[in-house]
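Just so it is clear: in the sequence shown, position 169 is 169 by the UniProt record's numbering, and no numbers are missing. Think of the CB as a built atom: it goes at the ideal place given N, C-alpha and C, for glycine as much as any other residue.
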Amino acid sequence: MDVTGEEPAAMGVTTGSLARKLGVSPTTLRSWDRRYGLGPATRVQGRHRRWTPDDVAMVQEMCRLTAAGVPPAEAARAAKLQHTPAHATAGPVPGAPARPPTGPGRPPAAVEEPPAGTRSHSGSGLPLGDVRRECRGLARAAVRMDSAAVQEQVALAVAAYGLTHAWETVLTPTLRAVGRKWESTDDRYVEVEHLLSWHVSAALRRAYVEASLHRPALDVPPVLLACLPGEQHTLPLEALAAVLTERHLPVLMLGAAVPAEALLAAVQRTGPGAVVLWSQSRTTADAALAHHIADTRWGVAGARTHSRVLLSGPGWGLRHAPPLLRPRGLGEAVSMAVTAAEARASAGGTEAAGQSGRS
1 MDVTGEEPAA MGVTTGSLAR KLGVSPTTLR SWDRRYGLGP ATRVQGRHRR
51 WTPDDVAMVQ EMCRLTAAGV PPAEAARAAK LQHTPAHATA GPVPGAPARP
101 PTGPGRPPAA VEEPPAGTRS HSGSGLPLGD VRRECRGLAR AAVRMDSAAV
151 QEQVALAVAA YGLTHAWETV LTPTLRAVGR KWESTDDRYV EVEHLLSWHV
201 SAALRRAYVE ASLHRPALDV PPVLLACLPG EQHTLPLEAL AAVLTERHLP
251 VLMLGAAVPA EALLAAVQRT GPGAVVLWSQ SRTTADAALA HHIADTRWGV
301 AGARTHSRVL LSGPGWGLRH APPLLRPRGL GEAVSMAVTA AEARASAGGT
351 EAAGQSGRS
């Protein structure tokens, strides 16, 4: 007797088991069977249907192709051709996107943008709304805990759109949908958010490393990035670090939950052209600390200078008085940080911050 409760492999798996494995509903599998003939090859009268390994491979290919944006009918034809015994040794099906490599250095892929206002019916159970089709594919892969597919979808989005556009139109909407889902379902989707966040972080850090290796930084003051004390959400700052490095700006990434004293010490020691402070919620937004950093000056007597401070993240609210800057997204944060660093450089603000007279 199998104490695990799983069906012996030779008997195949039930529709319910396969649905859980793929992250789709049993109704979806039955619909694919009824509409496109993507069902078990062998059926036993009077028993639940059993899906053999070949059947499972065929449906997995269907999931992969639809996640890549292939229309369901076309994806079903390609999946059946690739996983029918008569075609077992055939090459890739014409018109079906081949699985691209998942490692670094993959070639960019052209990704077609759907018509504006196309509503998402992701089949993932996530509240996606009106989004790009890449969001639907990424959500499906994350919900079914398909690590390879998540990595593939994130890499494709970055390669096709670039970091800023991919972050704003693909990665952020999907991350927000996952976050809303687990908040409303008693943490049922925490593992999905963690998986997705890890792969997004890996892609952003890979982009940062590649840019820093191949793009020498300009001789301008660095941009310092830090989360406020108690703030653990670093992904937006990782995206900003990668994009700024692509723009040849030096970056000092301090990461999550930086204590106030350490943040002030870093500003005084390094003399950044801009300081970006991330706050995800109002509980971590500290306007007094932000103003203190903006007022901190250093340098020789008669030529003291200071950093521009950018308040990023929803925790800050909508409005803040000068001299604090309030970017509304990644693109605006990049533009403000670049302008601040270049302004400091042109004003001769590259003096060593450790000189006497520092306040």
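Sequence-distant residues of the same chain with beta carbon closer than 7 Å to residue i, five excluded per side
i           : result
residue 62  : 32, 38, 75, 76, 79
residue 231 : 256, 257, 278, 279, 280, 284
residue 158 : 166, 203, 207
Inter-residue spacing [alpha-carbon to alpha-carbon] between residue i and residue j
i           : j           : result
residue 17  : residue 41  : 17 Å
residue 58  : residue 145 : 18 Å
residue 150 : residue 235 : 16 Å
residue 201 : residue 238 : 7 Å
residue 20  : residue 210 : 37 Å
residue 287 : residue 72  : 51 Å
residue 332 : residue 245 : 15 Å
residue 50  : residue 35  : 18 Å
residue 345 : residue 207 : 26 Å
residue 329 : residue 317 : 13 Å
residue 138 : residue 305 : 45 Å
residue 260 : residue 83  : 59 Å
residue 229 : residue 297 : 22 Å
residue 271 : residue 60  : 53 Å
residue 325 : residue 334 : 12 Å
residue 437 : residue 264 : The question about residue 437 has no answer, for the chain in this structure spans 1 to 359.
residue 282 : residue 176 : 17 Å
residue 143 : residue 189 : 8 Å
residue 319 : residue 70  : 43 Å
residue 323 : residue 266 : 20 Å
residue 180 : residue 168 : 17 Å
Residue of the options minimising C-alpha distance to residue i
i           : options            : result
residue 338 : 329, 73, 220, 172  : 220
residue 342 : 250, 213, 293      : 250
residue 253 : 265, 261, 271, 227 : 227
residue 133 : 164, 171, 163      : 171
residue 195 : 178, 207, 205, 206 : 178
residue 275 : 241, 204, 192      : 241
residue 224 : 156, 166, 294, 55  : 294
residue 290 : 137, 271, 310, 273 : 310
residue 218 : 22, 273, 192, 169  : 273
residue 268 : 222, 192, 12       : 222
residue 247 : 12, 56, 163        : 163
residue 315 : 142, 233, 147      : 233
Environment of residue i [buried if 16+ CB atoms lie within 10 Å]
i           : result
residue 313 : buried
residue 153 : buried
residue 199 : buried
residue 307 : buried
residue 214 : exposed
residue 327 : buried
residue 64  : buried
residue 155 : buried
residue 13  : buried
Cβ of residue i within 8 Å of any chain D Cβ
i           : result
residue 245 : Structure shown: chain D not included; a single protein chain is present.
Beta-carbon proximity list for residue i, same chain, < 8 Å, skipping 5 on both sides
i           : result
residue 15  : 26, 29, 30, 48, 49, 51
residue 216 : 248
residue 191 : 145
Cβ-based neighbour list, residue i, same chain, cut-off 6 Å, excluding 5 preceding and 5 following
i           : result
residue 336 : 310, 325, 327
Runs of alpha helix (DSSP H) wholly within the region 158-228 (minimum 4 residues, chain order): 163-166, 172-184, 190-214
Uninterrupted alpha helix (DSSP H) stretches inside the UniProt domain "HTH merR-type" (14-81) (no shorter than 4 residues): 15-22, 26-36, 53-67
Alpha helix (DSSP H) runs wholly inside the region 274-304, at least 4 long, in chain order: 287-295
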